[in-house]
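Below you'll find the structure, written out as structure tokens, and then a few comments.
Residue numbers (my numbering), protein chains in the order written: chain A, 1 to 199; chain B, 1001 to 1194.
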């Protein structure tokens, strides 16, 4: 009888050992990780296309430095400020941001171009940028970034944005909507929260 | 039957062997279960269209990969694949720690694509006007494939550095930690072959 109990015990342990590690389950899930969500809606009515992307920031942080394509290398993206139309070549973003950091909340810098309006402000530790393209009905772009993230973004060389550092800084910051783009045909929303699924 | 299995001093030899075989079978089954199943389902939507179903235990992937020489994989590996391998490896480390989630979801007119992680499995669902495709891959299987591809890539890179693409031997001190034991055995085999 004791032998039968021993066999049953061994079989039980074997089954338990097998069930304890099913299909690559990991003991330490990144459930408390922050997630970057991107939602894009393109088109209208029945023609609409929706794209939802949910990426844990830790994954983005690990992957971005490994990307070596075109302008994005080693986690830094090179911006061609003297590009096709050279529209940004006369705008020194670093100086604008340095000036903003030292000013009180609500002091706006306004850049008025031909047809486009750009307003940049500091509000409660955030850099707020509003871009309005054209006149009524044109596209609207709203960006709200914590200053820590902006600092990290500009921590690379000249004409470079340090995306990897910005993602790291985002992970240390709270939840919030980062970018919204709204125009006649498409809507884009980028935000960070602790949920692993988009709304 | 009971007397056959038990002797006066305990289990008989056949009884002991039966118990050992039972434990071995359960352990083997548990291991296969722990590695998950690769499932592929392709359903053509046209009338009379084919429905292909494939279910393979994930545990066979490392075994099959061990049978394919890394040098052969390296020869046929496109440069783009080699270039993006570190990216996929970096992603894989994090993917294995993810909770269940939907990573990408695309909904367009007449087509849907969804990439999810479910209990250590990557689940890809594609549904368009022509086909319905479902693929389930255990991350552990993907990892063993990546380890092999990485080994193959290293061999090709070292061959190119030597200026001779036919040699695949590497110094033992340059072993990559990413390589599995099976890879090492295979590498040893190719070294001997040379």
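C-beta: ideal position from N, C-alpha, C; glycine also.
Short CB-CB distance (under 8 Å) between residue 172 of chain A and chain B:
Locating residue 172 of chain A in the first chain gives position 172, counting from the first residue. With 8 Å as the cut-off, residue 172 of chain A does not count as an interface residue toward chain B.
Taking 8 Å as the CB-CB limit, is residue 52 of chain A close to chain B?
Mapped onto the first chain, residue 52 of chain A falls at position 52. Flagged as an interface residue toward chain B: residue 52 of chain A, by a C-beta distance shorter than 8 Å.
Between which two residues does the beta strand (DSSP E) containing residue 145 of chain A stretch?
Position 145 of the first chain, counting from 1, holds the residue named residue 145 of chain A. Per DSSP, residue 145 of chain A belongs to the beta strand (DSSP E) from 140-146.
Residue 1080 of chain B in three-state terms, based on DSSP
Start at 1 with the first residue of the second chain, and residue 1080 of chain B comes out as number 80. Residue 1080 of chain B falls in the helix class under three-state DSSP.
Considering Cα atoms alone, identify which of A:36, A:154, A:190 is closest to residue 143 of chain A.
Looking up residue 143 of chain A in the first chain gives position 143. Nearest C-alpha to residue 143 of chain A: A:190.
Measuring CA to CA, which of A:132, A:71, A:38 is closest to residue 52 of chain A?
For the purposes of this step, residue 52 of chain A is identified with residue 52 of the first chain, where counting begins at 1. Minimum Cα distance to residue 52 of chain A is reached at A:38.
Residue 36 of chain A - partner residues in DSSP beta bridges
Residue 36 of chain A sits at position 36 when you count from the first residue of the first chain. DSSP lists A:55, A:192 as partners of residue 36 of chain A.
With a threshold of 16 other CB atoms inside 10 Å of the CB of residue 1173 of chain B, please say whether the residue is buried or exposed.
Within the second chain, the letter at position 173 stands for residue 1173 of chain B. With a pLDDT of 43 at residue 1173 of chain B, under the threshold of 50, the modelled position of this residue cannot be trusted, and the question is left open.
Chain A within 8 Å of residue 1090 of chain B, Cβ atoms only:
Position 90 of the second chain, counted from the first residue, corresponds to residue 1090 of chain B. True, the Cβ-Cβ gap to chain A drops below 8 Å.
Under the three-state reduction of DSSP, which class applies to residue 1114 of chain B: helix, strand or coil?
Position 114 of the second chain, counting from 1, holds the residue named residue 1114 of chain B. Reduced to three states, the DSSP call for residue 1114 of chain B is strand.
May I ask you to list, following chain order, the residues of the stretch 1060-1088 of chain B that have a beta carbon less than 8 Å from some beta carbon of chain C?
Looking for chain C here will not work: the only protein chains present are A and B.
Kindly confirm or deny that the stretch 1117-1132 of chain B and the stretch 1059-1079 of chain B touch, where touching means at least three C-beta pairs closer than 8 Å.
no
How far does the beta strand (DSSP E) with residue 131 of chain A in it reach, from first residue to last?
Residue numbering aside, residue 131 of chain A sits at position 131 when the first chain is read from its first letter. Its beta strand (DSSP E) spans residues 126-133.
Pick from A:102, A:139, A:153: whose alpha carbon is nearest that of residue 202 of chain A?
As shown, chain A starts at 1 and ends at 199. That puts residue 202 of chain A outside it, with no answer to give.
With a threshold of 6 Å on Cβ separation, who are the neighbours of residue 130 of chain A within its own chain once the five nearest residues in sequence on each side are excluded?
Taking the first residue of the first chain as position 1, residue 130 of chain A is located at position 130. Non-local C-beta neighbours of residue 130 of chain A in its own chain, meaning closer than 6 Å and more than five positions away in sequence, comprise 119, 142, ordered along the chain.
Any beta carbon from chain A within less than 8 Å of residue 1109 of chain B's own beta carbon?
Taking the second chain and counting its residues from 1, one reaches residue 1109 of chain B at position 109. Taking Cβ atoms only, chain A reaches closer than 8 Å to residue 1109 of chain B, which makes this a yes.
Count the C-beta pairs between the stretch 47-63 of chain A and the stretch 1068-1085 of chain B that are closer than 8 Å, then say yes if the count reaches three, no if not.
Counting C-beta pairs closer than 8 Å gives fewer than three between the stretch 47-63 of chain A and the stretch 1068-1085 of chain B, which falls short of the contact rule.
Skipping 5 residues on each side, what residues in its chain have a beta carbon closer than 8 Å to that of residue 122 of chain A?
Here the question's residue 122 of chain A lines up with position 122 in the first chain. Answer for residue 122 of chain A: 100, 101, 103, 104, 105, 106, 107, 128, 147, listed in chain order.
Can you grab the Cα-Cα spacing for the pair residue 1071 of chain B / residue 1156 of chain B, in whole Å?
Stepping through the second chain from its first residue, residue 1071 of chain B is reached at position 71. Stepping through the second chain from its first residue, residue 1156 of chain B is reached at position 156. Answer to the nearest angstrom: the Cα atoms are 7 Å apart.
Minimum C-alpha distance to residue 1042 of chain B - residue among B:1144, B:1135, B:1093, B:1057:
Numbered from 1 along the second chain, position 42 holds the residue referred to as residue 1042 of chain B. Out of B:1144, B:1135, B:1093, B:1057, B:1135 has the C-alpha closest to the C-alpha of residue 1042 of chain B.
With a threshold of 8 Å between beta-carbons, can residue 1160 of chain B be considered close to chain A, or not?
In the second chain, the residue the question calls residue 1160 of chain B occupies position 160. Closer than 8 Å: no.
When you compare only the Cα positions, how much space is there between residue 1094 of chain B and residue 1020 of chain B?
Here residue 1094 of chain B is taken as the residue at index 94 of the second chain, counted from 1. Here residue 1020 of chain B is taken as the residue at index 20 of the second chain, counted from 1. Inter-residue distance for residue 1094 of chain B and residue 1020 of chain B is about 38 Å (C-alpha atoms, whole angstroms).
Closest residue to residue 1116 of chain B among A:40, A:33, A:197 (Cα-Cα distance)
Taking the first residue of the second chain as 1, we reach residue 1116 of chain B at position 116. It is A:197.
Alpha carbon to alpha carbon, how far is residue 1056 of chain B from residue 1102 of chain B?
Numbered from its first residue, the second chain carries residue 1056 of chain B at position 56. Numbered from its first residue, the second chain carries residue 1102 of chain B at position 102. For residue 1056 of chain B and residue 1102 of chain B, the distance between alpha carbons rounds to 24 Å.
Among A:64, A:195, A:154, the one whose alpha carbon lies nearest that of residue 97 of chain A
The residue given as residue 97 of chain A occupies position 97 in the first chain. Taking only the C-alpha atoms, the option nearest residue 97 of chain A is A:154.
Rounded to the nearest angstrom, how far is the Cβ of residue 1122 of chain B from that of residue 1137 of chain B, given a contact under 8 Å?
Here the question's residue 1122 of chain B lines up with position 122 in the second chain. Here the question's residue 1137 of chain B lines up with position 137 in the second chain. Yes, residue 1122 of chain B and residue 1137 of chain B are in contact; Cβ-Cβ is about 5 Å, under 8 Å.
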